[in-house]
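Residue 138 in UniProt numbering is what sits at position 138 of the sequence shown, and the numbering runs on without skipping anything. Glycine included, every Cβ here is placed at the ideal spot set by N, Cα and C. In this text, all values refer to a predicted model and were calculated from it rather than measured experimentally.
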Amino acid sequence: MHISTTTHSVNHNSQRDRLTDSQPDNLTYSCCAHLIYLLPLIVREKGVSPQVVGLLWTIMPGISLITGTIAGSLADRLKAHRAVFLCSLIGLIVGCTSLVFIPKMPGAEGDHDIGTTDQLNSSLTHSNNASLLITSAGNYTHTYTHTTPPPPPSHHVMVDPDMVIAEGQPPVLIAGEELIPSTEVETDNPLSEFIKYPQFWLVFFALMLEQMGITICVMISDAVCFLILGSERHKYGQQRLWGTIGMGVMGVISGAAIDFASLGQKERNYLPALVILLVLMTIDVVLVSLMKIPSKLESKMKFGDVGNTLLHPQVILFLVSVFVMGTNLGVIWVFRMLMMEDVAMSWNPQFTAMKLLLGLTLFIENFGGELPFFFLSGKILRRFDHTTVLGFALVASSVRCCLYYTVSNPWFFLPIELLNGISYGLFHTAMASYASRIAPPGSQATLQSIVRAVFSAGLSTAGFVGGWLYKMLGGSQTFLAIGVFVAGYSVIFAVFHFLVNKFCTNNNVKGYEEPSCTCSSSATESERQPEPVKEPLVKEVV
């Protein structure tokens with residue numbers, strides 16, 4: 001009796017130590033999330049148009065898809081999870097640092113959208129050297145100069161349609177004459193114009209390195225976390241919530257620091273966010289180097305077992321839905337900040353708290369949205385199967401995008417971010433837990449990388465579709481279109497989920513551990529029950 005109690009105590013302490021070891025994984029989110037969310041804005045400020053920003057975010061997930069899958073397979077084959085983890089962290093550091101310091105492309109100063117309702121008594125000069133001068137009645141002068149080489153850019157100044165402006169003539173507006181609500185100086189250069197500049201290629205390769213680093217880092221950290229948790233995989237959300245806490249705190253701190261450092265400057269100063277990233281990432285590298293990473297007792301990975309797992313009907317439905325969620329979240333992650341900035345400038349052209357607003361957005365979506373659902377995700381996943389939880393995330397994502405469309409005051413974006421708990425927090429837990437659950441022996445990182453690859457394919461689609469919609473419809477209507485699309489898919493998803501559960505039988509796919517993808521009622525009930533406590537899965541520390 002005494003021996004049994006001692007053994008239980010040792011196993012309990014071992015499990016507790018392994019749960020503690022998983023914390024370095026979550027520090028990664030604190031390190032880089034506050035800057036990664038700002039990358040679309042940083043890239044646009046380098047002189048890249050929103051459409052080309054979307055194109056870049058179309059290409060990058062595709063590259064990450066390939067490298068992530070290869071990295072996951074190598075980590076499983078060679079038991080090299082630590083080495084892959086550290087390489088991804090270093091790539092992430094180099095990519096983010098480079099993006100901040102890359103100089104702007106020539107002509108970046110000419111890309112401005114200005115909303116105004118002021119009445120002007122001004123002189124307006126337009127000549128072929130692309131110099132546009134607007135002088136206000138209050139002796140406030142703002143000059144916009146465009147230096148992009150031929151073909152000459154197009155400038156549009158929308159005024160009273162009865163006025164005629166001859167080429168080279170500086171007409172004088174009558175005192176009190178009002179420009180129609182938007183005075184716009186816009187240059188819409190195609191991709192062929194950007195690829196001429198070395199700065200564009202520096203942005204391209206730095207962004208590629210950052211995307212590869214963050215994709216592999218998240219994939220490996222999830223795989224390692226599940227290895228550490230062993231049979232207590234339902235506690236994944238309780239581990240991941242620490243990353244959410246770090247993201248929220250650092251988002252507010254870095255946002256306020258950027259706004260403060262940018263006071264009185266023509267350009268935003270991202271140096272505070274970069275300093276935070278470098279300090280925390282250095283700590284993260286040290287912790288990952290020291291943490292214990294267990295390896296399972298099973299045999300080596302067999303690709304045939306992985307293939308059989310992926311061909312199960314419910315797994316296919318789940319992967320298709322992950323792709324759709326990737327598309328939806330990709331549009332949010334890439335274009336939400338751009339849309340919020342556009343809405344803020346339309347609401348108040350002198351809006352000066354943009355980075356604080358973005359920081360509060362991260363804070364609320366993390367603490368008010370993700371944190372509660374990461375904490376409750378274990379209970380939710382034992383109450384509902386993974387596919388049903390994914391359906392909840394689809395509906396929440398649709399509502400979230402449609403609500404974005406209704407906002408005219410930028411501060412009203414903040415309560416909408418509470419939906420991030422279901423649309424991302426609960427979805428992320430279900431996606432990672434499902435990949436771990438269906439993984440054949442020895443293929444934990446491989447299944448995580450495959451599911452992440454499908455998600456990355458959705459992100460890639462989001463970059464292309466979102467960029468095109470943003471150009472054709474504008475920011476708010478882009479999110480309305482995406483919201484309606486996801487709502488339509490949610491109906492299709494519900495129908496197929498019902499049909500698969502009703503007519504599909506368990507194929508006994510090799511490698512399943514209490515498969516959640518079975519269609520029998522008994523298996524569905526077993527999925528909802530807590531898993532029995534198993535022996536520790538640690539063989540050796542690598």
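Task: Cα-Cα separation between L227 and P410, rounded to whole angstroms - done: In the sequence shown, counting from the first residue as 1, residue 227 sits at position 227. In the sequence shown, counting from the first residue as 1, residue 410 sits at position 410. Taking the straight line joining both Cα atoms gives about 42 angstroms.
Open item on the list: Give me, in chain order, the residues of the same chain whose beta-carbon lies closer than 7 angstroms to that of V389; leave out the 5 immediate sequence neighbours on both sides.
Closed with: Translated into the one-based positions of the sequence shown, residue 389 becomes position 389. Result list for V389: I380, L381, L426 and A430, in chain order.
Task: Residue environment, R383, which counts as buried when at least 16 other CB atoms sit within 10 Å - done: Locating residue 383 in the sequence shown gives position 383, counting from the first residue. By the 10 Å Cβ count, R383 comes out exposed.
Task: Minimum length 4: unbroken alpha helix (DSSP H) runs contained in the segment 22–99 - done: 23–36, 39–45 and 50–78
Task: Residue span of the alpha helix (DSSP H) that contains P415, given as start and end - done: Here residue 415 refers to the residue found at position 415 when the sequence shown is read from its first residue. Segment F413 to I416, the alpha helix (DSSP H) holding P415.
Open item on the list: Beta-carbon within less than 8 angstroms of E267's beta-carbon, same chain only, minus the 5 sequence neighbours each way: which residues are those?
Closed with: Numbered from 1 along the sequence shown, position 267 holds the residue referred to as residue 267. So the list reads E45, once near-sequence residues are dropped.
- [ ] Closer than 8 angstroms by C-beta to G330: which residues in its own chain qualify, once you throw out the five before and the five after it? Chain order, please.
- [x] On the sequence shown, position 330 is the one that residue 330 refers to. Counting only Cβ-Cβ distances below 8 angstroms, and skipping sequence neighbours, we find W57, P61, G458, L459, S460, T461, A462, G463 and G466.
Task: Span separating the alpha-carbon of F496 from that of L317 - done: Against the sequence shown, residue 496 aligns to sequence position 496. Against the sequence shown, residue 317 aligns to sequence position 317. So the alpha carbons of these two residues sit roughly 8 angstroms apart.
Open item on the list: Quick check: is any heavy atom of the ligand SAH less than 7 angstroms from the C-beta of I332?
Closed with: This structure lacks the ligand SAH; in fact it carries no ligand of any kind.
- [ ] Using a Cβ-Cβ cut-off of 8 angstroms, state whether R452 counts as contacting chain B.
- [x] The displayed structure is made up of one protein chain only, and chain B is not part of it.
- [ ] Check whether the Cβ atoms of H81 and V224 lie closer than 8 angstroms to each other.
- [x] Numbered from 1 along the sequence shown, position 81 holds the residue referred to as residue 81. Numbered from 1 along the sequence shown, position 224 holds the residue referred to as residue 224. Contact: yes.
Task: alpha helix (DSSP H) runs wholly inside the segment 369–404, at least 4 long, in chain order - done: Counting only runs of 4 or more, we get 371–383.
Task: Residue span of the alpha helix (DSSP H) that contains G243, given as start and end - done: As a working note, residue 243 is residue 243 in the sequence shown. Y236 to A261 is the span of the alpha helix (DSSP H), which, as asked, contains G243.
Open item on the list: Applying the 10 Å Cβ sphere with the 16-neighbour rule, what's the burial state of M281?
Closed with: Within the sequence shown, the letter at position 281 stands for residue 281. So M281 counts as buried.
Open item on the list: Considering only their Cβ atoms, is the gap separating A494 from A75 smaller than 8 angstroms?
Closed with: The residue given as residue 75 occupies position 75 in the sequence shown. The residue given as residue 494 occupies position 494 in the sequence shown. Contact flag unset, no.
- [ ] Return the chain-ordered list of same chain residues with a C-beta closer than 6 angstroms to the C-beta of W333, the five sequence neighbours on each side being excluded.
- [x] The residue labelled residue 333 in the question sits at position 333 within the sequence shown. Excluding sequence neighbours, W333 sits near nothing in its chain.
Task: Through-space distance from S443 to V84, alpha-carbon basis - done: Translated into positions along the sequence shown, residue 84 becomes position 84. Translated into positions along the sequence shown, residue 443 becomes position 443. Each residue's alpha carbon lies about 15 angstroms from the other.
Task: Where P198 falls: helix, strand or coil (DSSP) - done: Taking the sequence shown and counting its residues from 1, the one referred to as residue 198 is at position 198. DSSP, reduced to helix, strand and coil, places P198 within a helical segment of the structure shown.
Open item on the list: Considering only the alpha carbon of each residue, which of M339, L357 and T244 lies closest to G369?
Closed with: Walking along the sequence shown from the start, residue 369 turns up at place 369. Looking at the Cα atoms, T244 is the closest of the given residues.
Open item on the list: I need the DSSP call for P294, collapsed to helix, strand or coil.
Closed with: Counting from one through the sequence shown, the residue named residue 294 turns up at place 294. Here P294 sits in strand by DSSP.
- [ ] Report the option in P440, L414, L358 and C217 whose CA atom is closest to the CA atom of I253.
- [x] The residue you call residue 253 lines up with position 253 of the sequence shown. For the residues P440, L414, L358 and C217, the minimum Cα distance to I253 belongs to L358.
TODO: Quick one: residues in its chain with C-beta nearer than 8 angstroms to the C-beta of L338, no 5 flanking neighbours on either side, listed in chain order?
DONE: Here the question's residue 338 lines up with position 338 in the sequence shown. P40, L41, R44, P50, V53, Y470 and G475.
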